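This report concerns only the one structure given below.
Numbering (UniProt numbering), first residue to last: 1 to 646.
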């Protein structure tokens with residue numbers, strides 16, 4: 001406001017000089033400019049010089065994106081795919097292992113899927129659970145369900161027990177498809193899911209004699225490749241239904257189902273495409289799981305919506321990564337921060353630069369390895385982004401600023417309505433002013449990211465399938481009465497130019513091995529595993545040479561009482577996915593509490609797990625043996641040197 005006031009005063013003064021003294025226009029303008037700068041206008045001028053070109057480039061990209069999204073109004077993902085497939089039936093759609101699927105192949109296979117489930121009685125807006133590994137079949141199933149107006153529920157295949165049951169039940173499915181390796185996981189929960197699913201439970205690549213399911217492959221082969229009957233014309237985008245469900249840990253509790261409507265799917269894939277500068281000839285390489293947004297929407301969406309070839313790997317392999325890129329002639333790779341670190345610790349070899357990759361896009365690439373990653377692997381463009389599956393505060397680093405995950409305009413802040421608000425570091429509560437409104441973080445100061453909710457395709461917030469969980473993520477009265485914002489739970493820092501840098505997660509989640517971990521869920525299931533009424537506080541801690549934060553649990557009581565070096569780890573692996581099993585344990589006589597009866601996790605997190613500092617018993621998980629062992633100084637040094645597997 002000070003700079004704006006200075007500008008108005010300067011323009012008025014310059015105009016007055018020109019009119020009253022009859023000075024030449026250029027001189028009056030020069031005097032006005034000097035006045036503007038003298039009255040405090042230099043900072044905003046410097047920002048304008050630095051950021052205006054960036055903002056204008058962003059406007060061009062956003063305009064192009066908006067044209068595509070509006071042009072697809074009233075269409076499903078499968079409708080757009082059908083147009084692409086019809087225009088290039090023999091072009092490559094998916095490259096997988098030694099397989100090459102053309103658009104005709106994928107179209108025919110998805111028609112068989114559509115006919116199978118339509119014959120089985122699956123109706124529009126009904127859901128089919130997919131517990132599947134990366135494969136062309138995964139994409140074909142999701143596409144086939146879209147063709148009959150049904151929805152695929154993309155479930156993390158690492159889930160077991162109660163978490164798996166929860167994810168299946170929450171979307172109210174009518175059928176289940178699972179890959180054969182997950183037969184035991186499905187069989188273990190069979191009695192806990194709806195009996196009607198028994199008739200429509202399919203196993204992919206399984207034995208035809210499997211007692212718990214029907215052979216999916218056998219059933220599909222019987223189906224015609226003709227397209228299913230066309231669906232009724234939708235009355236609006238919202239009446240199109242959902243393309244899929246993707247699960248996120250949110251901030252607390254069990255995984256939450258995020259409904260991905262067709263327009264949201266298209267918006268997310270299109271935003272990355274235009275923001276990063278992908279083109280039609282790019283071949284996208286994906287070793288990320290398709291059940292997550294990064295792989296299943298941002299990557300696969302380039303193939304489904306835009307006709308790019310999509311090279312897919314079943315599971316990430318650092319040693320084969322660049323060999324695959326060379327084999328498939330990939331030009332764009334998808335990453336999470338952990339992948340980049342794994343690739344950098346591989347011994348240097350000629351294939352590091354013998355590929356055609358020009359761009360890497362993803363999230364979590366840390367500043368200290370950013371340039372090293374670019375230089376070693378000869379990557380021209382790093383398109384780092386920030387986003388949550390359910391959120392509306394998503395952003396992209398379009399300019400290659402090292403360490404940044406996106407930006408907002410400093411000249412017209414409402415154009416990208418995301419803000420950082422102050423959070424009390426001890427209580428993790430939002431800081432409020434005397435009027436009860438949130439306080440914006442200063443430039444260079446850490447704050448929690450919030451995004452204004454608007455009724456447009458970029459800023460709407462559909463939330464979760466569970467409305468109560470959705471309401472918990474909405475803040476009202478943030479800066480004025482009646483405003484509504486999405487609370488991300490992520491702490492960031494913004495620099496002078498409006499670039500954002502990820503700092504940390506707040507509250508009850510942390511990220512490890514590329515997955516979000518809910519501390520409250522781990523606390524609950526740990527108590528269940530030890531079969532005792534005990535207090536457990538779980539949080540994330542930094543680990544040398546690792547991305548994200550590993551789990552650490554502070555347990556109240558005697559380690560011998562819960563068999564910490566015996567069966568505890570095995571019990572935890574039975575109820576938790578491997579990435580959620582705490583890496584470190586600390587045993588205390590009594591867990592400290594705050595005045596509001598919450599665990600004092602902040603102090604425990606600061607103290608960490610160094611046995612030379614912490615006098616309480618400490619244990620570390622031996623991942624290879626799935627047992628906890630006492631944490632010694634020698635083991636700690638091995639962890640720091642990267643010699644202890646975490």
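We treat Cβ as the ideally placed atom computed from N, Cα and C, and that holds for glycine.
Please read all numbers here as calculations on a predicted model, not as lab measurements.
Same chain only: Cβ atoms within 7 angstroms of residue i, ignoring 5 sequence neighbours per side
| i | result |
| --- | --- |
| residue 644 | 635 and 638 |
| residue 646 | 543, 546, 550, 583, 623 and 639 |
| residue 498 | 51, 407, 408, 409 and 410 |
| residue 470 | 463 and 464 |
| residue 323 | 351 |
| residue 370 | 382, 402 and 403 |
| residue 108 | 225 |
| residue 599 | 537, 591 and 593 |
Contact set for residue i: own chain, Cβ-Cβ below 6 angstroms, skip 5 residues either direction
| i | result |
| --- | --- |
| residue 358 | 331 and 380 |
| residue 201 | 176 and 213 |
| residue 319 | none |
| residue 70 | none |
| residue 231 | 149 |
| residue 125 | 241 |
| residue 373 | 340 |
| residue 478 | 438 and 485 |
| residue 540 | 510 and 549 |
| residue 47 | 410 |
The alpha helix (DSSP H) enclosing residue i, as first and last residue numbers
| i | result |
| --- | --- |
| residue 220 | 216 to 221 |
| residue 373 | 367 to 377 |
| residue 328 | 321 to 328 |
| residue 272 | 262 to 276 |
| residue 184 | 183 to 189 |
| residue 471 | 467 to 472 |
| residue 109 | 103 to 119 |
| residue 602 | 601 to 607 |
| residue 142 | 136 to 147 |
| residue 196 | Per DSSP, residue 196 belongs to no alpha helix (DSSP H) and is neither H nor E. |
| residue 169 | 161 to 170 |
Alpha carbon of residue i to alpha carbon of residue j, nearest angstrom
| i | j | result |
| --- | --- | --- |
| residue 441 | residue 447 | 6 angstroms |
| residue 640 | residue 222 | 56 angstroms |
| residue 79 | residue 517 | 36 angstroms |
| residue 572 | residue 529 | 6 angstroms |
| residue 500 | residue 492 | 6 angstroms |
| residue 642 | residue 584 | 16 angstroms |
| residue 99 | residue 302 | 19 angstroms |
| residue 65 | residue 240 | 21 angstroms |
| residue 576 | residue 129 | 20 angstroms |
| residue 139 | residue 300 | 8 angstroms |
| residue 306 | residue 562 | 55 angstroms |
| residue 424 | residue 432 | 10 angstroms |
| residue 368 | residue 514 | 18 angstroms |
| residue 449 | residue 429 | 13 angstroms |
| residue 400 | residue 311 | 25 angstroms |
| residue 589 | residue 474 | 38 angstroms |
| residue 250 | residue 63 | Because the pLDDT of residue 250 is 44, which lies under 50, any placement of that residue in the model is unreliable, and the number read from its coordinates should be weighed accordingly. Answer to the nearest angstrom: the Cα atoms are 31 angstroms apart. |
| residue 596 | residue 335 | In this prediction, residue 596 scores a pLDDT of 48, lower than 50, which makes its location untrustworthy; no coordinate-derived value is stated. |
| residue 276 | residue 557 | 52 angstroms |
Which residues DSSP lists as bridging residue i, in chain order
| i | result |
| --- | --- |
| residue 551 | 540 |
| residue 618 | 586 |
| residue 504 | 491 |
| residue 527 | The partner list for residue 527 (beta bridge, DSSP) is empty, contrary to what the question assumes. |
| residue 511 | 516 |
| residue 179 | 204 |
| residue 449 | 420 |
Run of the beta strand (DSSP E) containing residue i, from where it starts to where it stops
| i | result |
| --- | --- |
| residue 130 | 127 to 131 |
| residue 494 | 484 to 494 |
| residue 630 | 627 to 630 |
| residue 92 | 92 to 96 |
| residue 462 | Here residue 462 belongs to no beta strand (DSSP E), and DSSP marks it neither H nor E. |
| residue 429 | Premise fails: residue 429 is in no beta strand (DSSP E) and is neither H nor E. |
| residue 283 | 283 to 286 |
| residue 358 | Taken as a continuous stretch (DSSP letters only), residue 358 belongs to no beta strand (DSSP E), as it is neither H nor E. |
Contacts around residue i, its chain only, beta-carbon distance under 8 angstroms, and the 5 residues preceding and following it disregarded
| i | result |
| --- | --- |
| residue 233 | 74 |
Taking contact to mean at least 3 C-beta pairs separated by less than 8 angstroms, is the segment 183 to 197 in contact with the segment 69 to 78?
no
Are at least three pairs of beta-carbons, each pair with one atom in the segment 277 to 296 and one in the segment 129 to 138, less than 8 angstroms apart?
yes
Would you check if the segment 100 to 119 and the segment 138 to 146 touch, i.e. whether three or more CB-CB distances between them fall below 8 angstroms?
yes
Kindly confirm or deny that the segment 81 to 89 and the segment 256 to 271 touch, where touching means at least three C-beta pairs closer than 8 angstroms.
no
For the 8 angstroms Cβ check, are there 3 or more pairs between the segment 343 to 350 and the segment 306 to 317?
no
Answer yes if the segment 618 to 632 comes into contact with the segment 561 to 571, meaning at least three C-beta pairs across the two stretches below 8 angstroms, and no otherwise.
yes
Would you be able to state if there are at least three C-beta pairs under 8 angstroms between the segment 251 to 267 and the segment 159 to 168?
yes
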